[in-house]
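> Please see the structure below; I have some questions.
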Amino acid sequence: MKIDDEEEEELMQQLRFKPTELLLREEYKESIKVYSNFISLSKNHLPKITSKSENPDRFNKLQKTLCLALSNRADAKSKIRHYAESLEDCNAALEIENTHFKTLVCKGKILLHLNQYANASNCFQSALHDNEPIQNSDFEMINGFLDRCKKLEYQSRTGVFDLSDWVLNGFSKDQNPDLAEFIGPVEIKKSEVSGRGLFTTKNIEAGSLLFVTKAVATDRGIFLPECGEDSKMVMWKDFVDKIVDVATKCRKTCDLICRLSTGEEEEVLQVPDISVFRPDNDDFLLTEYMKPDVAKILNILDVNSLTEEDGFSSKVLGKNSNYYGVGLWILASFINHSCEPNARRLHIGDHLMVHASRDIKAGEEIFFAYFDVLTPLNKRIEMSKTWGFHCECNRCRFERDMFNRNQGLTEIEILLECGSDIGNVIVRLEEGMKRWMVKAEKREKGYLRASFWRIFTEAYQSEKSMQRWGRRIPPAEVVGESVAEAVGSDERVLKMVVDGLRRNGVIGGVVEMEKEMKLGRSVYGKVIKKRKAMKALLELCIR
Ligand SMILES: C[S@@+](CC[C@H](N)C(=O)[O-])C[C@H]1O[C@@H](n2cnc3c(N)ncnc32)[C@H](O)[C@@H]1O
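All letters in the sequence shown, in the order written, are residues 947 to 1489 by the numbering used here.
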């Protein structure tokens, strides 16, 4: 339908207020539609005003209205997480009026959300200084954002994070600590294990932070055993929908997800430069937009999604034991598995903090445990099969070799299966390790103790076992420490060592306290800076 200029202007008048109403009612999609109508009519109308009436006042007025409409549409788009499109609208509005307050605030908030702290800060600075005088409430709001940008930019640049206050305040559930993204001394390279892997670029001490990254999406729930697997399937579907939604809306995320492994033909996969994962990297804008291939994304999620159960333990966080969370963290998806891992992850809100759980030398590959590694070899073989690979780490090779070379280990397993006294089995194992020349310095003792972890914990927790066998089995802290050295520690290992040290009656001894703190740092990372906070975690862990 052709409409004349007067009708067009009347229509614009009607459209001017309608979308604002919709925006206030939080009907974002509808308001975007009406704003889009208004914007195209305005763009159509602008040249006519200049050429026909030569009326600069009207022209300026319409320009201002167009700028506001673009800014409001940007706001609506950001509310439904169409960040890339929202930024385009912000830039178009700023081209009309480069100090437009509302647009600068909207753009700043989006950039902050996208972890581009310095760029976000520039927007807020400009909103503050190019728009004087400014209302008190706006002044406070902008300064709040500027403080956040400054804090996050510092974290992101230096890797200095401190979760102590959050721990000391009882892990305040509604207020997770404000965390930036950070990439430490790591790079992606071809791995001897499979495909690509993440490697250190310098020597790293246990507890040091390797990187902090925010999830593409997560999903969480409490699943009572009586609900069965169906409710978990519903959650999984919801999670997949969230990922596809983000990939559809954000070209960069889609591009990054598509670089992940589907578990097939990993050898031909490209090795991306680590800079690609920095939030301010815009190279992806040059790549052609690919519509997300949902079937491929499903395979990628199967191979790369992480569950949250291994984060700050449910026990420490006081979470319901039926709690279950799943998420996709892109940089973490380049980490391969080993049964002697050297890195641990903490899940805090949607952020994943990854730190070294043992000292790592420059150039070594970083490994996670994809499944519980305090389990025997046959169980681990089963678990790695479900992941679609066969683990060839030092520990698996050593244990396979031990089983092949002598009957001793097989006999011990048979004793266990026949329900022999666990204290007796431990004594047989410890004596066997001496005969088989298992070397502590090569971490071999720790490997085997980690594989027989269950019986060690049961024995130390049983007064009867300890009375009968206590003198012939090594102290809990010795076993715990050798396991920590060999396969890295977790809260169970920490508990065994701390319980053992305290059972000896040396509470508060300087050497023992330092041992506990050191182990605590390898489990929780150096992000717990205050001693008081680490002590609080240790107490929670052994409770
Ligand atoms: C999260 S990805 C790890 C990064 C992957 N190697 C890549 O190139 O993108 C998980 C996949 O890596 C491979 N993988 C991880 N650990 C492995 C291991 N210890 N041995 C063999 N393959 C492994 C498996 O194909 C697994 O499905």
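Glycine included, every Cβ here is placed at the ideal spot set by N, Cα and C.
1) Is the Cβ-Cβ distance between L969 and N1037 less than 8 Å?
2) Alpha carbon to alpha carbon, how far is R1400 from Y1029?
3) Leaving out five residues on either side along the sequence, give the residues of the same chain with a beta carbon under 6 Å from the beta carbon of S1435.
4) Work out the CA separation of N1282 and L1232 for me, nearest whole Å.
5) Is L1098 near D1120, with beta carbons less than 8 Å apart?
6) What would DSSP say about L1155, mapped onto helix, strand or coil?
7) Given 7 Å as the limit, tell me if R1142 has its C-beta closer than that to any heavy atom belonging to ligand 1.
8) How big is the Cα-Cα spacing for E1286 and I1312?
9) Based on DSSP bridge pairs, tell me the residues matched to M1299.
10) Assuming M1181 and D1165 are in contact, meaning their beta carbons sit under 8 Å apart, how far apart are those beta carbons, in whole angstroms?
11) Which one or two residues does DSSP pair with I1129 in a beta bridge?
12) Quick one: what's V1272 bridged to in DSSP?
13) For the alpha helix (DSSP H) containing T1011, list its first residue and its last residue.
14) On the CB-based measure, 16 or more other CB atoms within 10 Å of its CB, does C1173 come out buried or exposed?
15) Using the rule of at least 16 other Cβ atoms within 10 Å of the residue's Cβ for burial, across every protein chain shown, is S986 buried or exposed?
16) On the premise that V1190 lies in contact with T1199, defined as a C-beta separation below 8 Å, what is that separation, rounded to the nearest angstrom?
17) Report buried or exposed for S1024, applying the criterion of at least 16 other Cβ atoms within 10 angstroms of its Cβ.
18) Where does R1205 sit, in a helix, a strand or coil, going by DSSP?
19) Return helix, strand or coil for K1388, following the three-state DSSP convention.
20) Within 10 angstroms of its Cβ, does V1240 collect 16 or more other Cβ (buried), or is it exposed?
21) Where does H1336 fall in DSSP's three states?
22) Shorter than 7 Å, the distance from the beta carbon of V1106 to the closest heavy atom of ligand 1, or not?
23) Secondary structure at L1144, three-state DSSP: helix, strand or coil?
24) Just to confirm, are F1128 and K1135 a CB contact at a threshold of 8 Å?
25) Is V1214 buried or exposed, if buried means 16 or more other CB atoms sit within 10 Å of its CB?
26) According to DSSP, is K1475 part of a helix, a strand, or is it coil?
27) Just the Cα atoms here: how many angstroms apart are A1551 and K1007?
28) Which same chain residues, not among the five before or five after V980, have their C-beta less than 8 Å away from its C-beta?
29) Spatial neighbours of W1112 within its chain, please: C-beta separation below 6 Å, excluding the five flanking residues on both sides.
30) Who are I1150's beta bridge partners in DSSP?
31) Quick check on K1053: does DSSP put it in helix, strand or coil?
32) Tell me the rounded alpha-carbon separation between E1338 and N1149.
33) Relative to the alpha-carbon of E1212, which residue among D1176, I1243, D1219, R1142 has its alpha-carbon at the smallest distance?
34) With a threshold of 16 other CB atoms inside 10 Å of the CB of A1405, please say whether the residue is buried or exposed.
35) Between W1182 and ligand 1, is there a pair consisting of the residue's CB and a ligand heavy atom that are separated by less than 7 Å?
36) Report, in whole angstroms, the separation of the C-beta atoms of L1355 and N1268, which I expect to be a contact under 8 Å.
In terms of the structure at hand:
1) no
2) 49 Å
3) L1465, S1468, V1469
4) Any reading at L1232 needs caution, since the residue's pLDDT is 43, under 50, leaving its predicted position unreliable; the model's value is listed next. If I take the Cα positions, the gap works out to 30 Å.
5) no
6) strand
7) yes
8) 10 Å
9) V1158, L1292
10) 5 Å
11) F1157
12) D1165, T1253
13) 1002 to 1025
14) exposed
15) exposed
16) Wrong, their Cβ atoms sit about 11 Å apart, outside the cutoff.
17) buried
18) coil
19) coil
20) exposed
21) coil
22) no
23) strand
24) no
25) exposed
26) coil
27) In the structure as shown, the chain begins at 947 and stops at 1489. Residue 1551 is therefore absent and cannot be evaluated.
28) L961, K964, P965, L968
29) P1123
30) I1306
31) helix
32) 24 Å
33) R1142
34) buried
35) no
36) Contact doesn't hold; Cβ gap of about 36 Å is too wide.
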